[in-house]
Structures are given as structure tokens and as C-alpha cells.
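There are 2 protein chains.
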Amino acid sequence: MSFPPAAQPGDPVAAIDTPALVVDLDAMERNLVRMADWTRQQGVRLRPHAKMHKCAEIARRQIAAGAVGVCVQKLDEAQALADAGIGDLYISNEVIAPAKLARLAILAQRVRLAVAVDSLEGVRGLASALRGRSVAVDVFVEVEVGGERCGVPPQEAARLARAVHEHHGDGLRLAGLQAYHGRAQHLRSVAERQAAIRQTVARAAQARDALLDAGLRCPLVTGGGTGSFEIESTSGVYGEIQPGSYLFMDRDYADNDPSPGRPVFEAALFVKARVISRRPGQAVIDAGHKSHALDSGPPRVLGRDLDYVSGGDEHGILRSRNEALLPALGDVVWLQPGHCDPTVNLHDELIVVRGGLDHGLVEAVWPVTARGALR
Amino acid sequence: MSFPPAAQPGDPVAAIDTPALVVDLDAMERNLVRMADWTRQQGVRLRPHAKMHKCAEIARRQIAAGAVGVCVQKLDEAQALADAGIGDLYISNEVIAPAKLARLAILAQRVRLAVAVDSLEGVRGLASALRGRSVAVDVFVEVEVGGERCGVPPQEAARLARAVHEHHGDGLRLAGLQAYHGRAQHLRSVAERQAAIRQTVARAAQARDALLDAGLRCPLVTGGGTGSFEIESTSGVYGEIQPGSYLFMDRDYADNDPSPGRPVFEAALFVKARVISRRPGQAVIDAGHKSHALDSGPPRVLGRDLDYVSGGDEHGILRSRNEALLPALGDVVWLQPGHCDPTVNLHDELIVVRGGLDHGLVEAVWPVTARGALR
Chain A
1 MSFPPAAQPG DPVAAIDTPA LVVDLDAMER NLVRMADWTR QQGVRLRPHA KMHKCAEIAR
61 RQIAAGAVGV CVQKLDEAQA LADAGIGDLY ISNEVIAPAK LARLAILAQR VRLAVAVDSL
121 EGVRGLASAL RGRSVAVDVF VEVEVGGERC GVPPQEAARL ARAVHEHHGD GLRLAGLQAY
181 HGRAQHLRSV AERQAAIRQT VARAAQARDA LLDAGLRCPL VTGGGTGSFE IESTSGVYGE
241 IQPGSYLFMD RDYADNDPSP GRPVFEAALF VKARVISRRP GQAVIDAGHK SHALDSGPPR
301 VLGRDLDYVS GGDEHGILRS RNEALLPALG DVVWLQPGHC DPTVNLHDEL IVVRGGLDHG
361 LVEAVWPVTA RGALR
Chain B
1001 MSFPPAAQPG DPVAAIDTPA LVVDLDAMER NLVRMADWTR QQGVRLRPHA KMHKCAEIAR
1061 RQIAAGAVGV CVQKLDEAQA LADAGIGDLY ISNEVIAPAK LARLAILAQR VRLAVAVDSL
1121 EGVRGLASAL RGRSVAVDVF VEVEVGGERC GVPPQEAARL ARAVHEHHGD GLRLAGLQAY
1181 HGRAQHLRSV AERQAAIRQT VARAAQARDA LLDAGLRCPL VTGGGTGSFE IESTSGVYGE
1241 IQPGSYLFMD RDYADNDPSP GRPVFEAALF VKARVISRRP GQAVIDAGHK SHALDSGPPR
1301 VLGRDLDYVS GGDEHGILRS RNEALLPALG DVVWLQPGHC DPTVNLHDEL IVVRGGLDHG
1361 LVEAVWPVTA RGALR
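Here the protein sequences line up with chains A and B, keeping their order. For the first sequence, position 224 (counting from the first letter as 1) is numbered 224 according to the working numbering, and the numbering increases by one without interruption. For the second sequence, position 67 (counting from the first letter as 1) is numbered 1067 according to the working numbering, and the numbering increases by one without interruption.
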């Protein structure tokens, strides 16, 4: 890379070049501790989803605070984090291609690795890849629990679990069930989320009972994201949750009505941007959708009541009828991204600030270890 | 980076890991030649926009085929391409921050560099950065020609051009006008695009005449993208066009009704993906919006009449009521992305295939030189 990072440790916030992805470390640390404490009190395991931050330094801190390991979605992510010293990784997704399963088997020789399956072909492919290697992989049977994406219906989970069990000699350890409902995380009202996740829990319980009825073990049910983890955690069915966004909190999750009794998480991830063009009624900033993902809607502009309009790949357009609200040419604007995960994936590094966005200092620059790790 | 590229030169297409960004080199070369030939015949200069491909190897080939240089949107892109040997770069965007202008001045010592301005502050900042360095930068005054993003109204262009001219001694060379209307590129009907770009041309001409009336020179009017370049090229006002996407052609541009007399460009950029989960009515692929941008709508699925539904960051969902149309578990699916530019920016390399997607071979793996170059 022949272009420099946006800042160096020791720089004041004002010196951070734009656009840059900035972590409010004080807020992130409070979020980290709140989730770790809460899961400890509830007696559920915490395995945060590292697909959100893709950062080995953050995974290390999550594990140091009590997480059992991290989830990833891709083998490349697992490999990148393993190379950076993370030793317990769960690919909470299906891996099908033989060449990729061969890579997975090699990775399993040096870290504790788990993977999800939702087909007999997937089980057999994994068994072929592991056979004769003297390694074991934890296997979770994925159940379709409302997300209508991957996973088998609950009534088919036992058949698949039996196939996993029958390949025990090849190194497949039946670890339990993957039961995650992604879309339900973003339902705005508490009542809607509770209704959706009650169905999710019921389907997970149905699958678990089917395994037990078939004489199989079901050591763990895992799932639950930032939007709903408190429901899975207290269901009596789930033994582990997989939230990712709680650490940074994007605008989309902040738009959810909060459930009672749930810990409060603070916004900790921001894009620092700058006004590069100005006219009456409009300020154009140097951050567009190559700086922050727009798939979950526009970012929130901190401290200013402005409309954000997409200006394309490299520009954002801030509009107001009230000229006094608009920033001046050259002014700094802070954005809270609509969606953390794909926003982080656009950046090579996180600029980590201690002491707040107004007067803080850059404490560290953390590489986004698994940025672009998409296979 | 600790994860491997999706393929190596010499691999058959079938061996390319998924998801991967694949260039059909034969199609790309035909597009490259068609645009170069067409602009030569029309007597306009071609300065392709490298924000689309961000790839030094492609920029070299465009220049070898007759382009005068390339456009970029960001100083980081210019720096990355300069380091890779590209010697004529136009940042067709405003640069305001003093620290960035200082970097720009240093870069101008080793390449021919141009930049756009749309404010007196921008002119003065650039002059301050260049002063005493014995370097010159070409400066284009950006005119707002319908895009409602950056640029001054035509009637204000002369005032700004005069300010540029007055800083000639500091190294600012008045190079002409930047006049680009981004949104008009995507109007579907020929009539709509013609109507919008006629306004664009009229505003560019008004600004040019204002410069001439003020006794200033206007050496060049530059602008025009893949959706409309044939209109700017034949307007008698524009001397240079800046198309980017013509080289790869995304689904969005392919959805435009073609103007008569315009060269035909072929799809040349694809995401190779694989089915990792399957159920009746649905196939889930391993490519989501971390693999291909969705800002201009969903990708087209090659050779299959299927609905693409976003499955989030790492999954795409293909649906059909006709089971026979759906690919099987493990099958490969090819996607034509909705929008090239932000799709390329998600990938570290282009897998370059000669001989077609069915039976071709990987000829090269080209790094996306300026991927993530967002400042």
C-alpha cells in the first residue's frame, strides 16, 4: 500500500485525515465490558462475531474479557485471525467447495475450529477433507429459524446430526445447533422482535429435542445477534450468543426500540469527513459509499440535524433549508454509519481514539486484519 | 495479507475459488479498443476514469491505446497509481484540507498532475501549498452542470478562473473546465439522457464563454461518462471525455437504452460465486454485498432467469418458482455486478481470464492497486 494511514499514534483528533474510520475507544471498552458482564450474569457463553470488526486486536480483547472465541463467516477470515494468534474460531456458515474444505482441514491442525453444515453433501465433503489427518472439527447443524437463508427445517436436523455423528471417526465432532435469525435483529419494535425470536427459539428447541429423541447429544445451541441476544440468552435453549455490532453500534441498531433489562451500548464507530464543496442549502463531504456502507440506510450526522443524500462513491451530500445548520467549507463532520460490518470492510485500518472525538488523542492504529477476506 | 488469491496464472476457470472478481480479458480488450478508436475518430481526448478499476495495469493499457492519462477522485488513488508508474493524473474532485494539499504538491514534483476547484478557498489553499516549490498543477474550474453536487454555477466560473490565473506565479495553470453530470449517466431512455446532457453542454458552454469574455483562456472542457459520452463528444464544447465503466460495463449501464451511433461495450466483469445452501425454491450463494456492491441494484445472474435477493454481507439468495432453473448445491453461478466501481473496491485482485468464462484460463492476477485509496 503506497498511501499512508489517516493518522499516527499520538496525533490529536484534529490531525486525522479524512475520510477515516475512527473508533471511540472509551465507548468501545464500555460496550465490551457490558456484554461480557451481562453474559456472565446470565450464564451464557459469548462468542462475538468477528465478521463485524475483522480485527485481531479486538478479538484478543474480547477473549481476554471472557469470550470463548469468535465467530467468522469465511475461511479467509479464520485464516487471517489464526495467523494473528486467535486460537478458537467458528465459521458460522456453510463451506462446500472441496478445495476450500482442504484448506479448512489444514487450518484445523493449528487452531480449534468449528463450522456449520446444512446438507449431507456438506457433511460428506468435510469428512473427506478431514479423513486421515488426525484432526477434529466441531460441527454445528444449521437450523432454519426464520431467516429463510441457510439451514435445514427443525424436523430434518436429526438426520443431519446423525450423519455428522457417523463421521466421528473422520474427525467430525457433533457440537450442536446453529440457530440464527438475521433479519429479526432489525425489527424496530420490541414486540415484533420478541414475536419473531420466540418462533426462532421454538424452532431451535424443536431441533434440539429431535436430536435428543434420536439418541444424539446436543451440547450447545448457538445464535443470537445484537438486535435480539437478550431473548435467546434467557430462553433456556441457547447456551451461546454471537453478537457482533454491540461493540460499535451502528445507526441501524440504534434505531431499534430497546428491550427492557438489556444492557445499553454506545455508538463507538464513526467516519470523520470534511466539507469539500459548499453552496446555499448544501455541503458536500469527502465520504461516499466507498467510505461507509449504505445497505442499511444513510449514516447519522453527529450533532447536526441534516439530511444525508448519497453523492455516489466518493461524496456525501448534506442538505438543510436552514443555512445556519450547515457546516462551512473545510469543516469536519462526523458520521455514524448505517451498518458497521460492510463499513469496516472498506477500510484498511481503524484509527483508535482515547479521550473523545473533540479533544482526544490517537492511541493506536489497528489493522483491519481480515479486510477483504471474502472466501 | 495471509489469505491467498482466488487463483494463479495458468489455472483453468473451474479452479478459481469463490467468490472472486473475474475479468473477461477478451471482452475488456474489445471495449478498450472500441473506445480508443471512437474518440480518435471524433477528435476528442480520452482520459478514462481510474476510480472505476483502480488498477495500474489497466491504466497502462488505456494509455498505451491512446488515452492521454487517467482521472482519479482521490489523492490516495493518484499516489498509488503514480507509484506504479502512471505519469499523468487528474484528480477530478476538490481537495481542501491543507495537509492533503501539501501531499498533492509533493506528488506534483514527480508526475503531471491536475485537480478541480470550485471555491476561492480551494484556489488559495492550492496556491499556498505550491508556493515556492517550483512545480505546476493544471487546474480545472468545476462547473455545476446538472448533477447538483460540486461545482459553481456557470456565471461564477470566470471569477474563479481569474483567481486561478492570478496564482499563475505560484504554479497554478488554468487548464479549463470540469463539467460532469453523474446522475444523467443513468437515465434509461435516450431522450431523457439527451435532454439532460443538452442542458449540461449548454451550462459548460456558458461557463466557457464567460471565461473567454473575461479575457481568460479556456484550453479544455472535460467531463462525460459511460452513459452519455457520445453526446458530450459531439457537442463541439467538450475536448475530453472521462468514461470509466465502458471497460467492464455493469448491469446498471447495460440497462440503459443505447444511443444510435454509439460503440457497443460488452460485459467484462463478473463475480464467480458458488451455491453453498439449497432448498426447494431457493439457492444461497457465497457472495453478498461484501463481494459486489448493491447501490445500483442487484447483480444480473448470467444465463439464468432468477431473482436475486440480498442475503446480507456474505450471502446472495437466488429464487425461482421453477425448480429446474435453480442451480444445484456446489454449482457455480456468475454474476454481473450492478455497479463496477464500488465492486472492484471490495477486491484485492482481479482474476484475468483469457478464452471465456466456460473454458478459459487465468492469464494474470492483477492487483487492484488503489483499492481502499479513499483519501
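The C-beta atom is built at its ideal place from N, Cα and C for all residues, glycine as well.
The beta-carbon of Leu-1350/B is placed no less than 8 angstroms from the nearest beta-carbon of chain A. Contacts between Gly-372/A and chain B, judged by CB atoms closer than 9 angstroms, involve Met-1001, Phe-1003, Lys-1290, Leu-1346, His-1347, Asp-1348, Arg-1371, Gly-1372 in chain order. The three-state secondary structure of Ala-370/A, taken from DSSP, is coil. Annotation: Leu-1216/B to Ala-1161/B spans about 8 angstroms, alpha carbon to alpha carbon. Classified as buried, Leu-1350/B has 16 or more neighbouring CB atoms from the shown chains inside 10 Å of its CB. When CB distances to chain A are screened at a threshold of 7 angstroms, the residues of the stretch 1119-1150 of chain B falling below it are Ser-1119, Glu-1121, Arg-1149, Cys-1150, in chain order.
Look at Asp-1307/B here: in three-state DSSP terms it is strand. Taking a C-beta distance under 8 angstroms as the contact criterion, His-1049/B and Gly-1338/B do not qualify as a contact pair. Contacts between Pro-19/A and chain B, judged by CB atoms closer than 9 angstroms, involve Leu-1374, Arg-1375 in chain order.
Here the C-alpha atom of Gly-372/A lies approximately 22 angstroms from the C-alpha atom of Pro-98/A.
Contact annotation: Arg-103/A and Leu-75/A have beta-carbon atoms nearer than 8 angstroms. Along the stretch 89-121 of chain A, going in chain order, the ones with a CB nearer than 8 angstroms to a CB of chain B are Asn-93, Glu-94, Val-95, Ile-96, Ala-97, Ala-99, Lys-100, Asp-118, Ser-119, Glu-121. For Ile-1317/B, at least one C-beta of chain A is nearer than 8 angstroms to its own C-beta. Here the C-alpha atom of Leu-325/A lies approximately 50 angstroms from the C-alpha atom of Arg-1304/B. The continuous beta strand (DSSP E) containing Ile-285/A extends over residues 282-285. Lys-51/A has a beta carbon lying within less than 8 angstroms of a beta carbon in chain B. Of the candidates Ala-1202/B, Thr-1343/B, Gly-1132/B, Gly-1132/B places its Cα closest to the Cα of His-1168/B. For Pro-1009/B, the closest Cβ of chain A is not nearer than 8 angstroms. Residue burial annotation: Pro-1019/B is buried, with at least 16 other C-beta atoms found within 10 angstroms of its C-beta.
Out of Thr-1039/B, Leu-1361/B, Val-1013/B, Pro-1005/B, the CA that lies nearest to the CA of Glu-1232/B is found in Thr-1039/B. Residue contact check for Glu-323/A against chain B: no CB pair falls below 8 angstroms. Annotation for Phe-270/A: the continuous beta strand (DSSP E) segment containing it runs 269-279.
A distance of 8 angstroms or more separates the beta carbons of Phe-270/A and Trp-366/A. DSSP places Ser-1128/B within a helical segment (H, G or I) once states are collapsed to three. Counting along the chain, no alpha helix (DSSP H) covers Gln-1109/B, and no H or E run does either. By the C-beta density criterion, Ser-1189/B is exposed, having fewer than 16 other C-beta atoms within 10 angstroms. In this structure, Asp-341/A lies away from Ser-1002/B, with their beta-carbon atoms at least 8 angstroms apart. Here Glu-1266/B has Ala-1027, Arg-1030, Asn-1031, Met-1249 as same chain residues with Cβ atoms under 7 angstroms from its own Cβ, once five neighbours each way along the sequence are excluded. In this structure, His-1181/B keeps its C-beta atom at 8 angstroms or more from the C-beta atom of Gly-1236/B. Listed along the chain, the chain A residues whose CB falls inside 8 angstroms of the CB of Asp-1083/B are Ser-2. Proximity of chain A to Asp-1076/B at the Cβ level (cut-off 8 angstroms) is accounted for by Phe-3, in chain order.
Residue-level contact by beta carbon fails for Ala-157/A and chain B, as no gap is shorter than 8 angstroms. Segment contact: the stretch 8-17 of chain A against the stretch 282-299 of chain A, fewer than three CB-CB distances shorter than 8 angstroms; contact not assigned. In the displayed model, Leu-1216/B falls within coil according to three-state DSSP, outside both helix and strand. Taking Thr-200/A as reference, the option from Val-137/A, Gln-178/A, Ala-64/A with the minimal CA-CA separation is Gln-178/A.
Spatial neighbours of Asp-1088/B in its own chain (CB-CB distance under 6 angstroms, excluding positions within 5 residues in sequence) are listed in chain order as Gly-1069, Arg-1112.
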